[in-house]
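Those protein sequence lines, which keep their order, are chains A and B. Quick note: to get my numbering, add 13 to the position in the first sequence (first position is 1). Quick note: to get my numbering, add 13 to the position in the second sequence (first position is 1). Inspection log for the structure reproduced underneath, given as structure tokens.
There are 2 protein chains.
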Amino acid sequence: MLVWDFLSDALRPAWPSADSLRWVHTASAGVDRVAFPELLASDVVLTNSRGVFDVPMAEYVLGLVTAFAKDLPGTLRRQDQRQWEHRETERIGGRTAVVVGSGPIGRAIGRMLTAAGLRVQLTGRIEQTGDPEFDTVHSAAALRGLLPGADYLVLAAPLTDQTRGLIDAAALAAMKPTARLINVSRGPLVVTEDLVAALRDGRLAGAALDVFETEPLPDSSPLWDSPGAIVSPHMSGDVLGWRDELAALFADNLDRYRSGRPLRNVVDKTRGYVTTPSNLGSSA
Amino acid sequence: MLVWDFLSDALRPAWPSADSLRWVHTASAGVDRVAFPELLASDVVLTNSRGVFDVPMAEYVLGLVTAFAKDLPGTLRRQDQRQWEHRETERIGGRTAVVVGSGPIGRAIGRMLTAAGLRVQLTGRIEQTGDPEFDTVHSAAALRGLLPGADYLVLAAPLTDQTRGLIDAAALAAMKPTARLINVSRGPLVVTEDLVAALRDGRLAGAALDVFETEPLPDSSPLWDSPGAIVSPHMSGDVLGWRDELAALFADNLDRYRSGRPLRNVVDKTRGYVTTPSNLGSSA
Chain A
14 MLVWDFLSDA LRPAWPSADS LRWVHTASAG VDRVAFPELL ASDVVLTNSR GVFDVPMAEY
74 VLGLVTAFAK DLPGTLRRQD QRQWEHRETE RIGGRTAVVV GSGPIGRAIG RMLTAAGLRV
134 QLTGRIEQTG DPEFDTVHSA AALRGLLPGA DYLVLAAPLT DQTRGLIDAA ALAAMKPTAR
194 LINVSRGPLV VTEDLVAALR DGRLAGAALD VFETEPLPDS SPLWDSPGAI VSPHMSGDVL
254 GWRDELAALF ADNLDRYRSG RPLRNVVDKT RGYVTTPSNL GSSA
Chain B
14 MLVWDFLSDA LRPAWPSADS LRWVHTASAG VDRVAFPELL ASDVVLTNSR GVFDVPMAEY
74 VLGLVTAFAK DLPGTLRRQD QRQWEHRETE RIGGRTAVVV GSGPIGRAIG RMLTAAGLRV
134 QLTGRIEQTG DPEFDTVHSA AALRGLLPGA DYLVLAAPLT DQTRGLIDAA ALAAMKPTAR
194 LINVSRGPLV VTEDLVAALR DGRLAGAALD VFETEPLPDS SPLWDSPGAI VSPHMSGDVL
254 GWRDELAALF ADNLDRYRSG RPLRNVVDKT RGYVTTPSNL GSSA
């Protein structure tokens with residue numbers, strides 16, 4: 014079964030009828046919608062679309078970092094009022110970005126921000142020393158200690174039991190009031206009401222959110238006009254041609270399936286993401 | 014004489030009284046306001062603030078390129094309407110940026126865009142082969158031939174008789190309708206009415222302008238709401254602390270002047286910019 018619409022919850026109610034299902038492929042990097050307990054407990058193989066979104070998402074995050082540093086939202090809103098108001102802006106060079114997620118997306122983001130001159134600290138599930146690109150990948154437990162130094166906190170981790178609600182009032186309180194949060198992974202990593210309160214009270218300078226607990230974001234959400242908020246419609250990785258790349262990845266996996274070769278991007282069902290090394294390289 | 018306000022035209026009317034003036038330093042990279050004929054014909058030494066703005070401006074241009082590619086203006090305007098509308102955006106990787114200006118600012122911009130994955134072509138006054146960073150720096154005469162391949166055309170050249178009106182109707186007609194213009198140098202490099210017409214008719218996809226023929230940009234200018242225009246108030250290089258850096262550079266030059274050592278950033282008065290190698294390195 015190919016799950017093309019990654020927002021669909023249709024598989025779970027149909028599960029009792031899926032008595033001959035052997036393989037589910039999702040046209041997304043995150044598997045949170047299809048990784049329900051019955052599927053996880055079964056011997057159905059789950060594969061995802063790891064690799065398609067990496068570099069597009071890294072570019073998107075770079076755009077958000079520079080937009081915050083150079084106050085592009087402030088410029089555009091003044092432009093709409095024909096208002097000429099010079100401001101001093103911030104450097105991005107030398108600033109610290111903490112990237113949560115050491116998979117291909119987090120690494121692509123880290124690589125791009127490093128290239129633009131930021132200091133990048135990556136966190137994953139467990140600490141890994143001697144990383145060829147990032148020296149030490151810090152453990153999830155080390156995140157709290159990194160937060161006070163972050164100018165940008167970028168969320169690029171899968172939604173799992175360990176990451177749900179990761180950025181709550183306590184995490185936000187550990188951050189500098191000048192810092193910005195960028196979430197391009199899944200909405201539930203952030204406790205929305207805690208974030209809204211931090212923005213409202215000026216305890217966090219900004220938040221760029223591409224993902225939300227409920228999508229589309231309801232009209233009534235306070236995030237739409239929270240101070241310093243940039244709201245986008247879950248599109249960070251979706252560049253022109255992305256559907257073709259998703260289809261090509263599935264078609265390749267289908268060829269592999271039919272000829273009995275190993276599938277790409279097999280999800281470790283105990284972890285909720287792919288744990289084997291990437292065999293896609295950076296996406297085109 | 015230190016010209017602190019780079020927009021000031023006060024020096025020229027006072028010139029007849031300046032009978033003992035020996036040195037003018039301007040707190041800007043461009044010298045177009047102080048390089049009037051009487052000063053150029055005199056033996057007064059002119060120095061500028063080359064180096065202070067390079068990397069901040071490169072970051073700013075990177076922000077504009079990503080903002081265009083990822084349609085950040087469209088996102089912010091939809092956010093103001095609480096409108097959730099998914100779009101497909103563009104890659105920046107592999108796109109071509111033509112940067113006009115091979116001085117420290119143009120080079121810093123080229124370096125930053127290269128790091129972010131763009132292909133960069135730099136043009137200067139004359140062709141230079143074997144450039145350590147950009148292979149060939151193309152001549153001003155070669156620019157027209159490069160325009161059809163440009164996804165982004167970035168203006169970072171001084172205002173001189175050779176660059177005034179450089180981007181006119183003919184130049185714009187040579188560009189792709191999907192291309193964007195970014196001007197962070199001086200307004201008169203662009204023929205405003207030709208640009209307004211190109212944007213209005215959809216012959217150019219966008220223009221980010223930080224500089225204008227008249228500054229502040231008059232309320233009546235059609236640029237404020239031209240399709241695809243981003244208007245900012247001459248601030249691309251002005252990061253927090255920039256005044257301190259400008260003051261430190263002048264103070265260092267003053268020390269040099271008083272002790273008879275060579276001044277930094279002496280402007281070649283026949284060219285209108287500094288032609289000696291940079292001795293500032295990249296700015297902090």
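Glycine residues also receive a C-beta, built at the ideal position from the N, C-alpha and C atoms.
Grouping DSSP H, G and I as helix and E and B as strand, with all else coil, what is N61 of chain A? coil
Assuming N266 of chain B contacts R277 of chain B under a Cβ cut-off of 8 angstroms, what Cβ separation, rounded to an integer in Å, is found between them? Indeed they touch by this definition, with Cβ atoms about 6 angstroms apart.
Please say whether E228 of chain B and V65 of chain B have beta carbons closer to each other than 8 angstroms? no
Using the three-state DSSP reduction, which class does W36 of chain B fall into: helix, strand or coil? Collapsing the DSSP output to three states places W36 of chain B in a strand.
Quick check: S46 of chain B and S30 of chain B, are their CB atoms within less than 8 angstroms of each other? Ser is not the amino acid found at residue 46 of chain B; the sequence shown has Arg there. No; because the gap between Cβ atoms is not below 8 angstroms, this pair is not in contact.
Counted within 10 angstroms of its Cβ, other Cβ atoms place H151 of chain A as buried (16 or more) or exposed: buried
Complete alpha helix (DSSP H) runs within the region 247-285 of chain B (minimum length 4 residues, chain order): Residue ranges of uninterrupted alpha helix (DSSP H) with 4 or more members, entirely inside the region 247-285 of chain B and ordered along the chain, are 255-272.
Contact set between V133 of chain A and chain E, taken where Cβ atoms lie within less than 7 angstroms: Among the protein chains in the structure shown, which are A and B, there is no chain E.
Between the region 51-74 of chain A and chain B, which residues of the former have CB atoms less than 7 angstroms from a CB of the latter, in chain order? V68, P69, E72 and Y73
Using a Cβ cut-off of 8 angstroms, pull out every chain A residue sitting near G178 of chain B, in sequence order please. The contacting residues do not exist; G178 of chain B stays about 24 angstroms from chain A at best.
Considering only C-alpha positions, which residue in the set A:I195, A:K189 and A:L185 is nearest to E206 of chain A? A:L185 is the residue among A:I195, A:K189 and A:L185 whose C-alpha sits nearest the C-alpha of E206 of chain A.
On the premise that A218 of chain A lies in contact with V197 of chain A, defined as a C-beta separation below 8 angstroms, what is that separation, rounded to the nearest angstrom? The pair is not a contact, with the Cβ atoms about 18 angstroms apart (cut-off 8 angstroms).
Below 6 angstroms CB to CB, which residues in the same chain sit around A297 of chain A once its five sequence neighbours on both sides are set aside? Low per-residue confidence applies at A297 of chain A: pLDDT is 30, beneath 50, and the placement is therefore not dependable, though the value from the model is reported in the following sentence. Contacts found: none.
Between M188 of chain B and chain A, is any beta-carbon pair separated by less than 8 angstroms? no
For K282 of chain A, decide whether its Cβ has a neighbour in chain B, counting only Cβ atoms nearer than 8 angstroms. In terms of beta-carbon proximity, K282 of chain A stays away from the interface with chain B, with every pair separated by 8 angstroms or more.
Top-ranked residue by Cα proximity to R319 of chain B, from A:L236, A:D93, A:V252 and A:F263: Since the first residue shown for chain B is 14 and the last is 297, residue 319 of chain B is missing from the structure and cannot be characterised.
Determine, for Q92 of chain A, whether the minimum Cβ-Cβ distance to residues of chain B falls below 8 angstroms. Output row for Q92 of chain A: interface = yes.
Which whole-angstrom value describes the C-beta separation of V37 of chain A and V16 of chain A, a residue pair presumed to lie in contact below a C-beta threshold of 8 angstroms? 6 angstroms
When you compare only the Cα positions, how much space is there between T191 of chain B and R256 of chain A? Annotation: T191 of chain B to R256 of chain A spans about 21 angstroms, alpha carbon to alpha carbon.
Could you check if S33 of chain A is buried or exposed, using at least 16 other CB atoms within 10 Å of its CB as the buried criterion? Exposed, by the Cβ-count rule.
Does chain A have any CB closer than 8 angstroms to the CB of S33 of chain B? It does not; no Cβ of chain A falls within 8 angstroms.
Between T109 of chain B and R124 of chain B, which are expected to be in contact by the criterion C-beta below 8 angstroms, what is the C-beta distance as a whole number of angstroms? The C-beta separation of T109 of chain B from R124 of chain B comes to about 16 angstroms, leaving the pair out of contact by the 8 angstroms criterion.
Residue(s) in a DSSP beta bridge with Y165 of chain A: A:A110 and A:R193
At a CB-CB cut-off below 9 angstroms, which residues of chain B make contact with E226 of chain A? Here the premise fails: no neighbours, minimum Cβ distance about 14 angstroms.
If you run the structure through DSSP and keep just helix, strand and coil, what is G200 of chain B? helix
Along chain B, which residues have their Cβ under 9 angstroms away from the Cβ of L253 of chain A? E101, T102, E103 and R104
Would you check if the region 208-227 of chain A and the region 69-79 of chain B touch, i.e. whether three or more CB-CB distances between them fall below 8 angstroms? no
Please say whether V113 of chain A and A163 of chain A have beta carbons closer to each other than 8 angstroms? Contact: no.
I'd like the list of long-range same chain contacts for P161 of chain A, defined as Cβ closer than 8 angstroms, with 5 residues on each side in sequence excluded. A187, M188 and K189
Do you know whose CA, among B:N61, B:R138 and B:R274, lies nearest A40 of chain B's CA? B:N61
Chain A beta carbons: is any one of them nearer than 8 angstroms to that of E258 of chain B? no
For V204 of chain A and I180 of chain A, believed in contact at Cβ under 8 angstroms, the rounded distance: Right, the Cβ-Cβ distance comes to about 7 angstroms (below 8 angstroms), so this counts as a contact.
What are the boundary residues of the beta strand (DSSP E) that includes A220 of chain B? Where A220 of chain B is concerned, the enclosing beta strand (DSSP E) stretches over G219 to L222.
Does the beta-carbon distance from G250 of chain B to E226 of chain B come in below 8 angstroms? Inclusion of G250 of chain B and E226 of chain B in the CB contact set at 8 angstroms is not warranted, their separation being larger than that value.
Using a C-beta cutoff of 8 angstroms, does W237 of chain B count as contacting chain A? yes
Can you find a C-beta in chain B that's less than 8 angstroms from the C-beta of L230 of chain A? Chain B, which has a Cβ nearer than 8 angstroms to the Cβ of L230 of chain A, makes this yes.
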